[in-house]
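Following: one structure in structure tokens, then a few remarks.
In my numbering, the protein residues as written are 168 to 437.
As structure tokens, then:
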């Protein structure tokens, strides 16, 4: 997917041009597209290769230089990307990789007076901080891709097996660590009980363990912070009255593995 993205944007490198515009009088009117300049790219940890690619490729295709700060949880992917750019013959300074923490390295990029644009993927909370820092410094351009709480809606006339599998994958893909994870599912009342039954059966069959093993569907959470956060959300569901259908705790006694968990009878205020 990332390679396809680079190939796509590479095709734009010689197709970005302005326009010649007709005007009354002895005037030559045209527009010209120029590179922004120095672009700061701050990425999230859940898809470290893909997110870096969708920031690096278009910025470079448009003639910019990039300072990439990967999430502190996943710096090695970005460093390896940097070695590939070096191997490909990119001049020094065109692609720069700066591992570090948000309050230091990320803040330095957001506040720097010589950086012309920041692209950030991550939480809404941090996005607000970056936008404020960009406005308070040199009013740099900002692109934000932030978190959400995407619902999936299942109607009675849907293909039940397909709906169950789609909802299952939508929730548990990448251990649920996805900004568009379908962690809320609204099901029409006439099929609700059957949908819950089949969803629970599918969740119980989901294999958890070493993600490098061929038959494993779900690996660990990225770190202890995320592990504890998810378990905390599960506990709040229990306390607030949702019905725990399956899962609900840690998987095994090592690592950051969590049992595939399904709640039913959930209310909007939980």
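Ideal Cβ positions, reconstructed from N, Cα and C, are used throughout, including at glycine.
Classification of residue i by the beta-carbon crowding that lies within 10 angstroms, buried from 16 upward
{"i": "residue 369", "result": "buried"}
{"i": "residue 427", "result": "buried"}
{"i": "residue 170", "result": "exposed"}
{"i": "residue 338", "result": "buried"}
{"i": "residue 255", "result": "exposed"}
{"i": "residue 295", "result": "exposed"}
{"i": "residue 277", "result": "buried"}
{"i": "residue 200", "result": "exposed"}
{"i": "residue 223", "result": "buried"}
{"i": "residue 245", "result": "buried"}
{"i": "residue 197", "result": "exposed"}
{"i": "residue 190", "result": "exposed"}
{"i": "residue 221", "result": "buried"}
{"i": "residue 372", "result": "exposed"}
{"i": "residue 236", "result": "buried"}
Proximity winner among the options, relative to residue i (alpha-carbon distances)
{"i": "residue 356", "options": "373, 380, 324, 336", "result": "324"}
{"i": "residue 302", "options": "279, 182, 390", "result": "279"}
{"i": "residue 202", "options": "183, 210, 298", "result": "183"}
{"i": "residue 266", "options": "219, 359, 227", "result": "219"}
{"i": "residue 180", "options": "420, 231, 168", "result": "231"}
{"i": "residue 216", "options": "192, 249, 187", "result": "249"}
{"i": "residue 348", "options": "213, 394, 381", "result": "213"}
{"i": "residue 418", "options": "409, 335, 388, 273", "result": "388"}
{"i": "residue 242", "options": "275, 263, 282, 227", "result": "263"}
{"i": "residue 320", "options": "274, 353, 313", "result": "353"}
{"i": "residue 392", "options": "436, 380, 344", "result": "344"}
{"i": "residue 282", "options": "173, 206, 401, 390", "result": "206"}
{"i": "residue 436", "options": "408, 423, 421, 390", "result": "408"}
Nearest-angstrom Cα separation, counted from residue j out to residue i
{"i": "residue 240", "j": "residue 247", "result": "15 Å"}
{"i": "residue 293", "j": "residue 195", "result": "45 Å"}
{"i": "residue 432", "j": "residue 396", "result": "22 Å"}
{"i": "residue 208", "j": "residue 434", "result": "38 Å"}
{"i": "residue 414", "j": "residue 234", "result": "42 Å"}
{"i": "residue 286", "j": "residue 311", "result": "6 Å"}
{"i": "residue 269", "j": "residue 284", "result": "17 Å"}
{"i": "residue 299", "j": "residue 313", "result": "15 Å"}
{"i": "residue 271", "j": "residue 307", "result": "18 Å"}
{"i": "residue 168", "j": "residue 305", "result": "35 Å"}
{"i": "residue 406", "j": "residue 385", "result": "26 Å"}
{"i": "residue 204", "j": "residue 251", "result": "22 Å"}
{"i": "residue 412", "j": "residue 261", "result": "52 Å"}
{"i": "residue 402", "j": "residue 381", "result": "31 Å"}
{"i": "residue 253", "j": "residue 327", "result": "50 Å"}
{"i": "residue 329", "j": "residue 257", "result": "46 Å"}
Nonlocal neighbours in the same chain, by C-beta distance under 6 Å from residue i, ignoring five residues either side
{"i": "residue 404", "result": "430"}
{"i": "residue 358", "result": "323"}
{"i": "residue 291", "result": "313, 314"}
Close-in-space but distant-in-sequence residues of the same chain around residue i (CB under 8 Å, 5 per side omitted)
{"i": "residue 331", "result": "362, 365, 366, 369"}
{"i": "residue 383", "result": "374, 375, 376, 377"}
{"i": "residue 398", "result": "416, 417, 425"}
{"i": "residue 297", "result": "209, 273, 277, 285, 287, 309, 311"}
{"i": "residue 379", "result": "none"}
{"i": "residue 318", "result": "349, 351, 352, 353"}
{"i": "residue 172", "result": "217, 220, 221, 224"}
{"i": "residue 423", "result": "387, 388, 389, 390, 391, 393, 394"}
Cut-off 7 Å between Cβ atoms - residues of its own chain near residue i, not counting five sequence neighbours on either side
{"i": "residue 211", "result": "218, 238, 288, 289"}
{"i": "residue 225", "result": "176"}
{"i": "residue 228", "result": "176, 177, 179, 180"}
{"i": "residue 410", "result": "430, 431, 432"}
Near the ligand GDP: residue i beta-carbon under 7 Å from a heavy atom
{"i": "residue 300", "result": "This structure lacks the ligand GDP, and indeed carries no ligand of any kind."}
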